[in-house]
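Chemist:
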Amino acid sequence: MMDRTVLLSGYIPHVPQADLRVPMSVTLRQLRVAVAVATHLNFRRAAETVHLSPPAVSAAIAELEQALGIVLFDRSSREVHPSAAGASFLQGAARLLADYDRLLCDATLTTQARRGRVTISCVASLAGRVMPLALKACSERYPELEIDILDDVASQVTVSVRAGGADFGLGVKPDTESSAVLFTPQAEDPFFLVCAREHPLSTRRRVTWKDLAGERLVLPASGSGTWQIVNDQLVRAHVKLRGKTPVSHISTVYGMVEAGYGISVLPATALPAAGHPILTAVAIHGPRLCRILGIYQRRDRSLSPAAQTVLDLVLEALVELAPAKFDTRRSEPV
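Pasting the structure below:
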């Protein structure tokens, strides 16, 4: 008698909607029926398992035995057992079906993007705010997905995506165009004045660019999109500053402003957390300035299912932090 524990090996048989043909006209349906009979040693219980009638189970076994040219089961009026010739075949069939189902399961998991590694290139100001939300959601929904973050300056995001070092990028709308990378705008990210709560401008509901005249401005380094956008606006507004200090990290900006060294102008997604004990943010108008946030992708390469899943989570986080979506959803070449 065949060892039922060895036969089952964690496999629970079921009948698929369509049969996959294998040599000698043996079908997966017939194999599943045979394994079910060998598991339950009873045609009626096997029929219930594979959702067929007992006569249909008997017919499937007869067809399989005829195709193989062997008797799979020794039958009596009360019992059914694998035959000596059938025992080895049925054990192999159980292993084959388990491997087949595992293969389909793995393929389904991949298609549903529950596994894999995804690399994202992201400007630093977004990496510290958007990515934590996206990664938290990913760990909760897709714990087997792994994500690598490249926190780059704006110019490097395009380079990373173009070179294939990142599956996609999250950054600011570029000034120059390229045929290799596609930029899709997603949200507006308005700029605010950031200053210490004891600064004279901190009590205002809003300020103009001209109100910044004579101040020392601390900004992320010149390779960042923020530096270029803010500097261009100051030139257009004819604002003369006491000085500008470029730094490499947002945390350094905060530290400088907290110490009273100067003020800063930062996008909404890079502002200090609400309720910060020292720093506050004030809206800037005249005019209102926004940077356009969006996704960078290779034009000649579609995203993997895993990358698409992570991208959806990134967009969810982006909308949570910058809810004002961009007016047009058209893709633009960069």
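Per our numbering, the sequence shown starts with residue 447, numbered consecutively. Glycine included, every Cβ here is placed at the ideal spot set by N, Cα and C. Quick caveat, the model's predicted, so the values are computed rather than measured.
Is the beta carbon of L647 closer than 7 angstroms to that of V640?
Modeler: By 1-based counting over the sequence shown, the position of residue 640 is 194. By 1-based counting over the sequence shown, the position of residue 647 is 201. Not in contact: V640 and L647 (Cβ atoms no closer than 7 angstroms).
Chemist: Considering only residues of the same chain and omitting the five flanking positions on each side of A480, which have a CB-CB separation below 7 angstroms?
Modeler: Along the sequence shown, read from residue 1 onward, the residue named residue 480 stands at position 34. Same-chain partners within the cutoff: I507, L510, L518, L536 and A539.
Chemist: Give the straight-line distance between the Cα atoms of G689 and E592, rounded to the nearest whole angstrom.
Modeler: Indexing the sequence shown from 1 puts residue 689 at position 243. Indexing the sequence shown from 1 puts residue 592 at position 146. Rounded to the nearest angstrom, the two C-alpha atoms are 43 angstroms apart.
Chemist: Work out the CA separation of I709 and E661 for me, nearest whole Å.
Modeler: One-based indexing of the sequence shown puts residue 661 at position 215. One-based indexing of the sequence shown puts residue 709 at position 263. Using only the alpha carbons, I get a separation of about 7 angstroms.
Chemist: Count the other CB atoms, across all protein chains shown, that sit within 10 Å of the CB of L474; report buried if there are 16 or more and exposed otherwise.
Modeler: On the sequence shown, residue 474 is found 28 positions in, with the first residue counted as 1. A buried status is given to L474, since no fewer than 16 other beta-carbon atoms sit within 10 Å of its beta-carbon.
Chemist: Residues in the same chain with beta-carbon distance under 7 angstroms from S471, minus the five sequence neighbours each way, listed in chain order, please.
Modeler: Mapped onto the sequence shown, residue 471 falls at position 25. Within the same chain, A513 come within 7 angstroms of S471 by CB-CB distance, once the 5 residues on both sides are set aside.
Chemist: Fully enclosed by the region 662 to 706, which alpha helix (DSSP H) runs are 4 residues long or longer?
Modeler: Counting whole runs of 4 or more residues, the region 662 to 706 contains the alpha helix (DSSP H) stretches 671 to 682 and 696 to 704.
Chemist: Just list the beta strand (DSSP E) runs in the region 628 to 655, keeping only unbroken ones of 3 residues or longer that don't cross its boundaries, in chain order.
Modeler: 652 to 654
Chemist: Closest to E762 by C-alpha separation, out of L680, V676, L579 and E586, would be which residue?
Modeler: Residue numbering aside, residue 762 sits at position 316 when the sequence shown is read from its first letter. The shortest C-alpha separation from E762 is found at L579.
Chemist: For P589, which of helix, strand or coil comes out of DSSP?
Modeler: Taking the sequence shown and counting its residues from 1, one reaches residue 589 at position 143. Three-state result, P589: coil.
Chemist: May I ask you to verify whether the region 694 to 703 touches the region 742 to 752, counting CB pairs closer than 8 angstroms and requiring at least 3?
Modeler: no
Chemist: Alpha carbon to alpha carbon, how far is C584 from A714? Give it in angstroms, no decimals.
Modeler: The residue given as residue 714 occupies position 268 in the sequence shown. The residue given as residue 584 occupies position 138 in the sequence shown. Their backbone Cα atoms lie some 24 angstroms apart in a straight line.
Chemist: Output yes or no for whether 7 angstroms exceeds the beta carbon distance between V603 and G611.
Modeler: Stepping through the sequence shown from its first residue, residue 603 is reached at position 157. Stepping through the sequence shown from its first residue, residue 611 is reached at position 165. Cβ distance not < 7 angstroms, so V603 and G611 don't count as in contact.
Chemist: Straight-line CA distance for V765 to E704?
Modeler: Here residue 765 refers to the residue found at position 319 when the sequence shown is read from its first residue. Here residue 704 refers to the residue found at position 258 when the sequence shown is read from its first residue. One C-alpha to the other measures close to 29 angstroms.
Chemist: Going by alpha carbons, who is nearest to H722 out of D613, D657, I595 and A642?
Modeler: For the purposes of this step, residue 722 is identified with residue 276 of the sequence shown, where counting begins at 1. Residue A642 is the option with its Cα nearest to H722.
Chemist: Using a Cβ-Cβ cut-off of 7 angstroms (strictly less than) and excluding sequence neighbours within five positions of S606, which residues of its own chain qualify?
Modeler: Position 160 of the sequence shown, counted from the first residue, corresponds to residue 606. Cβ within range, chain order: S567, L596, D598, A612 and G615.
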